[in-house]
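>
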Amino acid sequence: MLDIVIDTRQAVITPGFSVKRILPFQLRRMVGPFIFMDHAGPVSVPATTNLDVMPHPHIGLSTVSYLLDGNVTHRDSLGVEQLIKPGEVNWMTAGKGISHSERFEDPNILSAGGLEMIQTWVALPEKDEESDPDFKNYAADELPIFTDKGVWMRLIAGDAYGLKSEVKTSSPLFYLHVELETEARFGIPTGHSERGVYIVKGSLEVNGVSYPAGKLLVFSKGVDPLIIAKEKTTLMMLGGEHLGDRYIWWNFVSSRKERIEQAKEDWKQGRILLPPSDNQEFVPLPEDKSKPAGGPEPGALS
Numbered sequence: 001m002l003d004i005v006i007d008t009r010q011a012v013i014t015p016g017f018s019v020k021r022i023l024p025f026q027l028r029r030m031v032g033p034f035i036f037m038d039h040a041g042p043v044s045v046p047a048t049t050n051l052d053v054m055p056h057p058h059i060g061l062s063t064v065s066y067l068l069d070g071n072v073t074h075r076d077s078l079g080v081e082q083l084i085k086p087g088e089v090n091w092m093t094a095g096k097g098i099s100h101s102e103r104f105e106d107p108n109i110l111s112a113g114g115l116e117m118i119q120t121w122v123a124l125p126e127k128d129e130e131s132d133p134d135f136k137n138y139a140a141d142e143l144p145i146f147t148d149k150g151v152w153m154r155l156i157a158g159d160a161y162g163l164k165s166e167v168k169t170s171s172p173l174f175y176l177h178v179e180l181e182t183e184a185r186f187g188i189p190t191g192h193s194e195r196g197v198y199i200v201k202g203s204l205e206v207n208g209v210s211y212p213a214g215k216l217l218v219f220s221k222g223v224d225p226l227i228i229a230k231e232k233t234t235l236m237m238l239g240g241e242h243l244g245d246r247y248i249w250w251n252f253v254s255s256r257k258e259r260i261e262q263a264k265e266d267w268k269q270g271r272i273l274l275p276p277s278d279n280q281e282f283v284p285l286p287e288d289k290s291k292p293a294g295g296p297e298p299g300a301l302s
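Per full-length UniProt numbering, the very first residue in the sequence shown carries number 1; after that it's consecutive.
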């Protein structure tokens, strides 16, 4: 059966740039190790609009940037500069601390409605929360593809349907991009204790009930429903094994509340370095209005 259906909420990333926020949700903060999920776009704004996300910090998680359309330039405090393109996996592990920026440097893409991106955060196991930061780009042709009648699927990370991705992860999980033609039938991955299906475009029927785009369907363990596409539909499927509760505040995730407080001070004091090729501006620490770590994050960035 369905455990919960989560509707997207609007979240402002920078002035003029809003996204659909999916996770965390008050009644369901995580699905497997996935603790955060945003859906940006399709974006269509005047070419003069600046949607850049300035350098900002992370700890205790991996960010996963996956583009459906357009491109974005990633720069981080390790010195990595990477143009992110559709179908690639960009896996940045923050560990004990990293900063990065996301710059939209092709204004023609934004004005033509050609940017669409899914951003997720994957919590790290406690033993890896203080690991050294890392960034890895995986080209689209490095990722497993599966096709069947009316079905196209890319395994972004983890294992599902007998396939295994070479993307390095820290815990058991799966993450999939799925395209379904009208009336195509599909199942959700088995072998994982927590599983979710986010409807990017189109609509699904599950157990006789229709669900439109903008909903995350979270399924109970052991339930293996048949999914029927009611029209041409794009899905992101994700889940895995639960790692235990996590605190989240702004861009910081940790199993320890005091570690969140340390990260706040580290950013204020400049102990988390800026990207060497993008160090002229940064996002300041938001004002803390006594909102406890673990509550809804104030305008998280990925």
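We treat Cβ as the ideally placed atom computed from N, Cα and C, and that holds for glycine.
Helix, strand or coil, according to DSSP, for residue 193 in the structure here?
By one-based count along the sequence shown, residue 193 stands at place 193. If DSSP states are grouped into helix, strand and coil, residue 193 belongs with coil.
> Between residue 192 and residue 241, which are expected to be in contact by the criterion C-beta below 8 angstroms, what is the C-beta distance as a whole number of angstroms?
Along the sequence shown, read from residue 1 onward, the residue named residue 192 stands at position 192. Along the sequence shown, read from residue 1 onward, the residue named residue 241 stands at position 241. Correct: roughly 7 angstroms between the Cβ atoms.
> Can you check whether the CB of residue 57 is closer than 8 angstroms to the CB of residue 99?
To locate residue 99, count along the sequence shown from 1; it is residue 99. To locate residue 57, count along the sequence shown from 1; it is residue 57. Cβ atoms of residue 99 and residue 57: closer than 8 angstroms.
> Between which two residues does the beta strand (DSSP E) holding residue 90 run?
As a first step, residue 90 is located in the sequence shown; it is residue number 90 there, counting from the start. Start and end: 89–93.
> Contact defined as beta carbons within less than 8 angstroms: I believe residue 48 pairs with residue 214. What is the distance between those atoms, to the nearest angstrom?
On the sequence shown, position 48 is the one that residue 48 refers to. On the sequence shown, position 214 is the one that residue 214 refers to. Incorrect: roughly 29 angstroms between the Cβ atoms, too far for contact.
> Please list, in chain order, all residues of the same chain as residue 243 whose beta carbon is under 7 angstroms from its beta carbon, the five residues on each side excluded.
The count along the sequence shown starts at 1 and reaches residue 243 at position 243. Here the set comprises 33, 123, 125 and 171.
> Here's a check: name, in chain order, each residue in its chain whose Cβ is nearer than 7 angstroms to the Cβ of residue 130, leaving out the five neighbours to either side.
Your numbering for residue 130 matches position 130 in the sequence shown. Exclusion of the five residues before and after residue 130 leaves 95 and 96 as the residues of its chain whose Cβ lies within less than 7 angstroms of its Cβ.
> What's the gap between the Cα of residue 168 and the Cα of residue 67?
Here the question's residue 168 lines up with position 168 in the sequence shown. Here the question's residue 67 lines up with position 67 in the sequence shown. Straight-line Cα distance between these residues: approximately 19 angstroms.
> Are there three or more Cβ pairs, one per stretch, closer than 8 angstroms when the stretch 59–66 is compared with the stretch 243–254?
yes
> Quick one: any contact between the stretch 198–207 and the stretch 226–236, if contact means 3 or more CB pairs under 8 angstroms?
yes
> Let's see if you can read the secondary structure: which residues bound the alpha helix (DSSP H) around residue 266?
Mapped onto the sequence shown, residue 266 falls at position 266. It spans 257–268 - the alpha helix (DSSP H) in which residue 266 sits, taken as one unbroken run.
> For residue 29, write down the residues that DSSP places opposite it in a beta bridge.
In the sequence shown, the residue the question calls residue 29 occupies position 29. DSSP lists no partner for residue 29.
> Go ahead and pull the three-state DSSP assignment for residue 137.
Position 137 of the sequence shown, counted from the start, is the residue given in the question as residue 137. Strand at residue 137.
> Give, in chain order, every unbroken run of the beta strand (DSSP E) that is at least 3 residues long and sits entirely within the stretch 222–250.
226–229, 233–240 and 247–249
> I need the boundaries of the alpha helix (DSSP H) containing residue 107, first residue and last residue.
One-based indexing of the sequence shown puts residue 107 at position 107. Start and end: 107–111.
> Can you tell me the Cα-Cα spacing of residue 134 and residue 207, whole angstroms?
Stepping through the sequence shown from its first residue, residue 134 is reached at position 134. Stepping through the sequence shown from its first residue, residue 207 is reached at position 207. Near 42 angstroms, if we compare the C-alpha coordinates of residue 207 and residue 134.
> So the candidates are 19, 23 and 26; which of them puts its Cα closest to the Cα of residue 44?
Along the sequence shown, read from residue 1 onward, the residue named residue 44 stands at position 44. It is 19 whose Cα lies nearest to the Cα of residue 44.
> Counting along the chain, where does the beta strand (DSSP E) carrying residue 75 start and finish?
Reading the sequence shown from its first residue, position 75 is the one you call residue 75. Residue 75 -> beta strand (DSSP E) spans 72–76.
> When we look at the beta-carbon of residue 212 and count the other beta-carbons within 10 Å, is it buried (16 or more) or exposed?
The sequence position of residue 212 within the sequence shown is 212, counting from 1. With fewer than 16 Cβ atoms within 10 Å of its Cβ, residue 212 is classed as exposed.
> Please go through the same chain and pick out, in chain order, the residues whose beta-carbon is closer than 7 angstroms to the beta-carbon of residue 108, but skip the five residues on each side of it.
Against the sequence shown, residue 108 aligns to sequence position 108. Excluding the 5 residues flanking it on each side, residue 108 has same chain C-beta neighbours closer than 7 angstroms at 47, in chain order.
> So what's residue 295 in DSSP terms, helix, strand or just coil?
Translated into the one-based positions of the sequence shown, residue 295 becomes position 295. Below a pLDDT of 50, predicted positions are generally treated as unreliable, and residue 295, at 40, falls in that range; no measurement from the model is reported.
> Helix, strand or coil for residue 201? Go by DSSP, reduced to three states.
Start at 1 with the first residue of the sequence shown, and residue 201 comes out as number 201. Here residue 201 sits in strand by DSSP.
> Per DSSP, what are the beta-bridge partners of residue 186 in this structure?
Reading the sequence shown from its first residue, position 186 is the one you call residue 186. Residue 186 is bridged to 227.
> Please name the residue, chosen from 279, 275 and 188, that lies closest to residue 78 on a Cα-to-Cα basis.
Counted from its first residue, the sequence shown places residue 78 at position 78. The option with the nearest alpha carbon to residue 78 is 275.
> So what's residue 302 in DSSP terms, helix, strand or just coil?
Counting from 1 along the sequence shown, the entry for residue 302 is found at position 302. Its pLDDT being 44, under 50, residue 302 is placed unreliably by the model, and the measurement read from it follows with that caveat. DSSP places residue 302 in coil when its eight states are reduced to three.
> Contact check, residue 29 vs residue 73 under 8 angstroms by CB: the rounded distance?
Taking the sequence shown and counting its residues from 1, one reaches residue 29 at position 29. Taking the sequence shown and counting its residues from 1, one reaches residue 73 at position 73. 31 angstroms between Cβ atoms; not a contact.
> Which class does residue 126 belong to by DSSP, given the choice of helix, strand or coil?
As a working mapping, residue 126 is identified with position 126 in the sequence shown. DSSP places residue 126 in the helix class (H, G or I) of the three-state scheme.
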